[in-house]
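Reviewing the structure listed below.
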Amino acid sequence: MSPSPPYHGPAVRRAVPLLALGALLASSFALAAPPAQAAETLLSQGRPATASSQEGDGYAPSAAVDGNLTGTRWASRWSDPQWFQVDLGQRSDLSRVVLTWEGAYGRSYQIQASDDGTDWRTLKTVTGGDGGTDELAVTGSGRYVRMLGTERSGGYGYSLWEFQVYGSTDGTPPATGAVEVTGSQGNWQLTVGGQPYTVKGLTWGPAIADAPKYLPDVKSMGVNTIRTWGTDGGTKPLLDSAAANGLKVVNGFWLQPGGGPGSGGCVNYVTDTTYRNTMLTEFTKWVEAYRNHPATLMWNVGNESVLGLQNCYSGAELEAQRNAYTGFVNDVAKKIHSIDPDHPVTSTDAWTGAWPYYRRNAPDLDLYSMNSYGDICGVREDWEQGGYTKPYLITEGGPAGEWEVPDDANGVPDEPTDVQKAEGYTKAWNCVTGHRGVALGATLFHYGTEHDFGGIWFNLLPDGLKRLSYYAVKRAYTATAGNDNTPPVVSALAVSPASSAPAGGEFTVRADVRDPDGDPITYKIFLSGNYANGDKRLVEASWRSTGNGTFAVRAPEKLGVWKVYLQAEDGRGNAGIETKSVKVVAPPVTGTNVALNKPTTASSFQPSYGDCPCEPAKATDGRADTRWASDWSDPQWIQVDLGSATPVRKLQLVWDPAYAKSYEVHISDNGTAWRTVHSTTTGNGDIDTIDVAATARYVRLHLTARGTGWGYSLHEFGIYG
13 MSPSPPYHGP
23 AVRRAVPLLA
33 LGALLASSFA
43 LAAPPAQAAE
53 TLLSQGRPAT
63 ASSQEGDGYA
73 PSAAVDGNLT
83 GTRWASRWSD
93 PQWFQVDLGQ
103 RSDLSRVVLT
113 WEGAYGRSYQ
123 IQASDDGTDW
133 RTLKTVTGGD
143 GGTDELAVTG
153 SGRYVRMLGT
163 ERSGGYGYSL
173 WEFQVYGSTD
183 GTPPATGAVE
193 VTGSQGNWQL
203 TVGGQPYTVK
213 GLTWGPAIAD
223 APKYLPDVKS
233 MGVNTIRTWG
243 TDGGTKPLLD
253 SAAANGLKVV
263 NGFWLQPGGG
273 PGSGGCVNYV
283 TDTTYRNTML
293 TEFTKWVEAY
303 RNHPATLMWN
313 VGNESVLGLQ
323 NCYSGAELEA
333 QRNAYTGFVN
343 DVAKKIHSID
353 PDHPVTSTDA
363 WTGAWPYYRR
373 NAPDLDLYSM
383 NSYGDICGVR
393 EDWEQGGYTK
403 PYLITEGGPA
413 GEWEVPDDAN
423 GVPDEPTDVQ
433 KAEGYTKAWN
443 CVTGHRGVAL
453 GATLFHYGTE
463 HDFGGIWFNL
473 LPDGLKRLSY
483 YAVKRAYTAT
493 AGNDNTPPVV
503 SALAVSPASS
513 APAGGEFTVR
523 ADVRDPDGDP
533 ITYKIFLSGN
543 YANGDKRLVE
553 ASWRSTGNGT
563 FAVRAPEKLG
573 VWKVYLQAED
583 GRGNAGIETK
593 SVKVVAPPVT
603 GTNVALNKPT
613 TASSFQPSYG
623 DCPCEPAKAT
633 DGRADTRWAS
643 DWSDPQWIQV
653 DLGSATPVRK
663 LQLVWDPAYA
673 KSYEVHISDN
683 GTAWRTVHST
693 TTGNGDIDTI
703 DVAATARYVR
713 LHLTARGTGW
723 GYSLHEFGIY
733 G
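In terms of the numbering used here, the sequence shown is residues 13 to 733.
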């Protein structure tokens, strides 16, 4: 299991039906910090960078803050003066600037700082520069840092492999030393090196290789901790990057069936000693490897498995497995404590009903951990009513999830708006901080960049674009968003017709979109087939603006309920994203369906598979939720007896995913002598609307090449006169 899965489907506090779950990623209490100089952190990497000019598309300012010292660079035009600047995200105390020049370097330049990007203070002046690497000690502060080049070394412009700014964001050195849960009943706190430490965290989603790129941004949000789900030999670079940025890590250990109901892997914890011993050996190895790493905050054994075991067992056996699982968690906790007495051990679930099992079977845990979203404030209520004697950490939290919201008119979960999601993070943090002395902090979900169905629901910066939720978390952790430029706000999103968009036709999307900073807005529109075909990707739609926040969008050919996403970008790395569902239906055909409920026969049909029996008559019953399905072989046929010679003007074939790539349309007056009126070898499924000008009693599809490994399957075989 990857130590940091890119998207993890969260679960809930209380148990809910499996179908619902399976459908689905104040300041720290460091009061006594001595007045010593803050530990130096690389502040500039991955931050927004701009410049007076660039030589071409391959030499953008962002290339000088991407961490690549030899492969990418910024280059200016060939004139004086030029400047390069980076936005650190918040006012920071500055200690050092390192410029790694390409051959075209600055002979004379200034290092300047600004709080607003307009009024600049000079921190260092360089004359007689000779290229290479300039490492400059500076004193001062600012949010923006720039190099103002006044004299080039030759006829070219200025070119930097990398521009690195070091310092600290708040003057507080990273916490070091042993980590403990201290205090007494209802008055606990987490301490690091004897100093109080409130976990202000995020779950970690990007690839470990991208940690140097993203962790400075994480740090700038006021985050002091990140959480992972797995720990192995690939974890060290993430720990190293976290430590370099003054961050701690909740190191996870994955146990099956992790992730709650719907996740794979059913283990018998009562009898499978091989699995238990293997996991214990594996976890021990990595505790020994990372117990002295300065980024390690605590160990987290398992994720949502007490709840998830109901996906594997039931009744008395489920009860036995839950007791055995939590007993094994205790064995792991005892082993970790014997190796590493300096870091606490916890275990995460998504159901407070798991806590009685931990209380009974896992006394060696130092604290409990809980994943909870829309019902996060209820965790406190359950803790108080349960009479528990250990504190807890929220290891996932945020806005209401897919399993917690009501369905919309199309029968799919009604996703919260960006504004509601931002409020969800604020609520989550208020609930955590409101349970003083018991809730020791949170790692909210999710610092991820995936731009897909789950990523839009939960990620703070899908595709690297910051959303209102990003700034809500930053305000929660820093008590300010400073002078941040914030995303466009999308409201009153509506789709029309929401429940009858014709396949391949157009439907309308309307919204009120405003940018609080007055930035010009550009739009993108995406579609997700998650509910129609299980594809969670976002595919850019074909669309056109019709003015006044209204857009005409081309509907997919595939029938079913789709999600449509309106993405509004401000050109400053921010986006507002809203989504609604749209039900795609077969395009209307004028006239009468003369095949409706007429005798229908076929070469074969599936008597029992999935939703079958799938008899031929189900293709002419007028219902989109029934189908005919053939055997899995070629050729096959299906035919309709219209009862008498009937004018036939048009056919509409509504395919299931098991479609025909090659087929012919035959008609007959007597059911014996057939003539061909249409043929194709390029069928692609979905909906085929075919013009036919004929009169016949019998109409037959002669199917010769399947488009999939299954048979042929039609929801509707419509014949219109």
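A virtual CB, placed ideally from N, CA and C, is assigned to each residue, including glycine. Here the structure is a predicted model, which is why all the values come from computation and not from measurement.
A direct Cα-to-Cα measurement between Val551 and Trp173 gives close to 35 Å.
From the listed residues Tyr404, Glu427, Asn422, the smallest Cα separation to Trp415 is found for Glu427. Counting the other CB atoms within 10 Å of its CB gives Ser691 a total below 16, which places it among the exposed residues. Secondary structure of Cys443 (DSSP, three-state): helix. DSSP places Lys486 in no beta strand (DSSP E) but in the uninterrupted alpha helix (DSSP H) bounded by 480 to 490.
In the DSSP assignment, Ser232 falls within the alpha helix (DSSP H) that extends over 223 to 232. Under DSSP, Pro356 takes part in no beta bridge, so it has no partner.
When the Cα atoms are used, Asp420 and Gly327 turn out to be separated by approximately 34 Å. Residue pairing of Met382 in beta bridges, as defined by DSSP: Asp361, Ile406. With the rule of 3 Cβ pairs closer than 8 Å, the segment 644 to 664 counts as touching the segment 698 to 716.
Per the Cβ contact rule, the segment 258 to 268 is not in contact with the segment 436 to 444 (fewer than 3 Cβ pairs under 8 Å).
By a beta-carbon distance limit of 8 Å, Ser725 contacts Trp667. Their separation comes to about 7 Å. The Cβ atoms of Glu408 and Phe457 lie closer than 7 Å to each other. Per the coordinates, the alpha-carbon of Ala149 lies some 36 Å from the alpha-carbon of Ala454. Between Thr461 and Gly476, the beta carbon gap of about 6 Å places them in contact (Cβ cut-off 8 Å). Taken through DSSP and simplified to helix, strand or coil, Val594 comes out as strand. Under the Cβ criterion (8 Å, minimum of three pairs), the segment 501 to 511 does not count as touching the segment 532 to 547. According to the DSSP assignment, Trp667 belongs to the beta strand (DSSP E) that extends over 648 to 667. Pro568 and Ala515 do touch by the CB rule: their CB atoms are close to 7 Å apart, below 8 Å.
For a cut-off of 8 Å, the C-beta gap from Leu578 to Val502 is around 6 Å, short enough to register as a contact. The criterion of a C-beta distance shorter than 7 Å is satisfied by Glu316 and Asp361.
Only residues of its own chain outside the window of five on either side were considered, and among them Trp173 have a CB closer than 7 Å to the CB of Thr82, listed in chain order. CA-CA distance, His355 to Val261, rounds to 11 Å.
In this structure the segment 203 to 215 lies against the segment 234 to 243, because at least three pairs of beta carbons, one per stretch, are closer than 8 Å. Among the bridge pairs identified by DSSP, Asp524 is matched with Ser503. Between Thr134 and Ser153, the alpha-carbon positions lie close to 11 Å from each other.
Distances from the CA of Arg85 to each of Phe175, Asp92, Glu147 were compared; the closest alpha carbon is that of Phe175. Residue pairing of Pro514 in beta bridges, as defined by DSSP: Val597. Around the C-beta of Gln207, 16 or more other C-beta atoms lie within 10 Å, and the residue is accordingly described as buried. The beta carbon of Val299 sits closer than 6 Å to those of Ile348, Ile351, Asp352, all from its chain and outside the five residues before and after it, given in chain order. With a 10 Å radius around the Cβ and a threshold of 16 neighbouring Cβ atoms, Gly723 comes out buried. Rounded to the nearest angstrom, the gap between the Cα atoms of Met310 and Asp127 is 37 Å.
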